[in-house]
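For reference, the structure discussed in these notes is given below.
In my numbering, the protein residues as written are 1 to 441.
What follows is the structure, encoded as structure tokens:
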């Protein structure tokens with residue numbers, strides 16, 4: 001082990017390659033054909049299905065499950081992709097336990113829903129692994145649209161625009177397209193480089209040019225884009241990360257959870273990725289859980305999530321909380337960071353207990369920590385000229401911003417929950433609205 005790989009308690013190689021491969025294996029292994037048929041047979045194929053209402057992309061869930069049950073997984077995939085072109089990723093990362101599966105009639109009656117997410121993956125994987133792309137472009141409209149941000153919202157928007165016959169130039173600040181799917185989701189949820197495989201498959205529609213390393217404010221201006229394109233869609237996500245505001249936050253060991261997750265997702269060799277011996281994650285969303293669980297999978301001895309409110313108000317679902325607990329992550333509630341202790345390197349984190357109103361109780365606790373991850377929410381990197389609402393881009397209708405000819409969707413826009421599936425719906429709907437506004441619907 002070289003000195004560069006050791007930063008006090010933060011070091012690489014805590015586990016060997018075999019352990020890491022096993023730890024980061026597929027969280028939900030795919031269903032085989034027989035398993036899919038058995039799972040599909042549990043569906044009542046409800047006429048007025050509550051699962052469809054609960055799906056942000058309005059997939060006809062009973063129809064695609066019936067198609068699986070009758071031996072037509074490719075037809076099921078087409079039903080899914082008609083509404084959600086990123087149905088493969090959403091099958092892996094959607095919090096189905098709080099969406100479609102939570103309202104499943106089987107869940108309500110028996111406490112065990114139809115496995116909608118895994119069935120969706122079975123269908124979409126069947127088509128994607130066959131290399132098929134079920135859509136062709138309409139005749140060229142002669143219109144050119146800029147899509148800034150190649151995450152879920154931008155990809156969904158670009159694909160629908162291309163399918164309608166428009167030319168699309170997609171810009172992204174990162175070296176690879178994919179956005180959150182590529183850089184921000186736990187490795188064990190999307191192994192085998194699925195995010196990039198899905199992007200490559202999506203781009204088979206044609207008509208989409210991708211330019212990476214290009215961002216608003218860094219080589220691109222909204223004014224120039226409006227001048228050069230017939231319409232602009234912004235799916236730029238939330239690039240800024242909130243700080244704790246504590247002295248010593250610049251010490252070695254204090255990092256953003258999103259940066260850690262991105263580094264892990266891009267690491268060619270996980271044995272070379274450093275992790276602390278004692279890790280504390282501040283926050284309560286899925287990013288916090290992903291950072292905490294993956295720290296444990298890399299070999300951290302103790303990992304603690306400290307969240308300021310009680311368990312029921314934690315943004316991560318109860319399923320995600322239980323996932324963390326089963327991996328040995330300690331969840332602590334009603335705590336806020338009060339002080340960071342150490343010299344140039346983090347040694348301890350002092351946490352203060354708070355009541356339901358966030359008022360300090362006077363009790364504190366100090367935990368050893370050589371690595372702390374901030375997962376306390378991200379914020380919009382402001383775009384000049386756009387009205388904001390609650391710190392995000394203000395939109396009306398299907399993503400129309402305060403500037404004529406500019407739409408926005410996904411995490412950067414004010415609207416629904418910050419979920420991949422919601423971003424896909426917003427990108428898709430914005431594309432349809434752009435098409436209509438261009439007078440081509």
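By construction, the Cβ of each residue, glycine as well, lies at the ideal position given by its N, Cα and C atoms.
Range covered by the alpha helix (DSSP H) that runs through residue i
{"i": "residue 116", "result": "116-129"}
{"i": "residue 457", "result": "Outside the shown range of the chain (1 to 441) lies residue 457, about which nothing can therefore be said."}
{"i": "residue 183", "result": "180-183"}
{"i": "residue 360", "result": "Per DSSP, residue 360 belongs to no alpha helix (DSSP H); it is in the beta strand (DSSP E), 360-368."}
{"i": "residue 264", "result": "257-266"}
{"i": "residue 295", "result": "286-297"}
{"i": "residue 233", "result": "Segment 231-234 is the beta strand (DSSP E) holding residue 233; no alpha helix (DSSP H) there."}
{"i": "residue 194", "result": "194-202"}
{"i": "residue 136", "result": "Note, residue 136: premise wrong, no alpha helix (DSSP H); not H, not E."}
{"i": "residue 172", "result": "Looking at the DSSP string, residue 172 is not in any alpha helix (DSSP H); the run it does join, the beta strand (DSSP E), is 167-172."}
{"i": "residue 54", "result": "50-54"}
{"i": "residue 47", "result": "Where residue 47 is concerned, there is no enclosing alpha helix (DSSP H), given that its DSSP letter is neither H nor E."}
Expected contact under 8 angstroms - CB spacing of residue i and residue j to nearest Å
{"i": "residue 186", "j": "residue 83", "result": "Between residue 83 and residue 186 the Cβ distance is about 25 angstroms, and since that is not below 8 angstroms, they are no contact."}
{"i": "residue 191", "j": "residue 26", "result": "5 angstroms"}
{"i": "residue 101", "j": "residue 117", "result": "7 angstroms"}
{"i": "residue 310", "j": "residue 333", "result": "5 angstroms"}
{"i": "residue 170", "j": "residue 209", "result": "7 angstroms"}
{"i": "residue 352", "j": "residue 335", "result": "7 angstroms"}
Same chain only: Cβ atoms within 6 angstroms of residue i, ignoring 5 sequence neighbours per side
{"i": "residue 381", "result": "239, 240"}
{"i": "residue 425", "result": "56, 57"}
{"i": "residue 362", "result": "none"}
{"i": "residue 433", "result": "398"}
{"i": "residue 2", "result": "Note that residue 2 scores 41 on pLDDT, short of 50, meaning its location in the model is unreliable; the coordinates nonetheless yield the value given after this. Correct list: empty, nothing qualifies."}
{"i": "residue 430", "result": "157, 233, 398, 399, 407, 409"}
{"i": "residue 416", "result": "422"}
{"i": "residue 327", "result": "293, 296"}
Residue from the options whose Cα sits closest to the Cα of residue i
{"i": "residue 55", "options": "30, 90, 44", "result": "90"}
{"i": "residue 16", "options": "436, 208, 274", "result": "274"}
{"i": "residue 423", "options": "399, 404, 403, 374", "result": "399"}
{"i": "residue 245", "options": "167, 339, 227, 230", "result": "339"}
{"i": "residue 193", "options": "350, 181, 316, 39", "result": "181"}
{"i": "residue 40", "options": "19, 114, 313", "result": "114"}
{"i": "residue 166", "options": "146, 175, 154, 153", "result": "146"}
{"i": "residue 202", "options": "173, 231, 154, 222", "result": "154"}
{"i": "residue 19", "options": "303, 299, 226", "result": "299"}
{"i": "residue 329", "options": "85, 302, 222", "result": "302"}
{"i": "residue 60", "options": "81, 74, 286", "result": "81"}
{"i": "residue 403", "options": "429, 222, 265, 140", "result": "222"}
{"i": "residue 24", "options": "206, 174, 269, 64", "result": "269"}
{"i": "residue 259", "options": "374, 62, 93", "result": "374"}
{"i": "residue 75", "options": "393, 325, 133, 14", "result": "133"}
{"i": "residue 420", "options": "35, 184, 67, 71", "result": "184"}
{"i": "residue 69", "options": "142, 123, 110", "result": "123"}
{"i": "residue 266", "options": "88, 178, 66", "result": "178"}
{"i": "residue 173", "options": "62, 214, 126, 28", "result": "214"}
{"i": "residue 331", "options": "248, 368, 205, 280", "result": "280"}
Own chain partners of residue i with C-beta closer than 7 angstroms, once the 5 adjacent residues on each side are dropped
{"i": "residue 236", "result": "148, 149, 216, 412"}
{"i": "residue 251", "result": "340, 342, 344, 345, 346"}
{"i": "residue 405", "result": "226, 231, 232"}
{"i": "residue 277", "result": "9, 300, 301, 370"}
{"i": "residue 176", "result": "182, 196, 212"}
{"i": "residue 99", "result": "54, 55"}
Buried versus exposed call for residue i [16 or more other C-beta atoms within 10 Å across all chains shown]
{"i": "residue 365", "result": "exposed"}
{"i": "residue 256", "result": "buried"}
{"i": "residue 436", "result": "exposed"}
{"i": "residue 44", "result": "exposed"}
{"i": "residue 358", "result": "exposed"}
{"i": "residue 379", "result": "exposed"}
{"i": "residue 442", "result": "This structure cannot speak to residue 442, because the chain is shown only from 1 to 441."}
{"i": "residue 129", "result": "exposed"}
{"i": "residue 272", "result": "exposed"}
{"i": "residue 46", "result": "exposed"}
{"i": "residue 11", "result": "buried"}
{"i": "residue 306", "result": "buried"}
{"i": "residue 283", "result": "buried"}
{"i": "residue 312", "result": "exposed"}
{"i": "residue 384", "result": "exposed"}
{"i": "residue 391", "result": "exposed"}
{"i": "residue 263", "result": "exposed"}
{"i": "residue 140", "result": "exposed"}
{"i": "residue 308", "result": "buried"}
Delimiting residues of the beta strand (DSSP E) encompassing residue i
{"i": "residue 341", "result": "335-342"}
{"i": "residue 278", "result": "278-282"}
{"i": "residue 373", "result": "371-374"}
{"i": "residue 346", "result": "346-354"}
{"i": "residue 38", "result": "No beta strand (DSSP E) holds residue 38; the alpha helix (DSSP H) holding it covers 33-41."}
{"i": "residue 85", "result": "First-last for residue 85: undefined, no H or E at that position."}
Cβ neighbours of residue i in the same chain (closer than 8 angstroms, five flanking residues each side left out)
{"i": "residue 104", "result": "50, 51, 113, 114, 116"}
{"i": "residue 138", "result": "163, 164, 165"}
{"i": "residue 85", "result": "155, 156, 159, 160, 202, 424, 428"}
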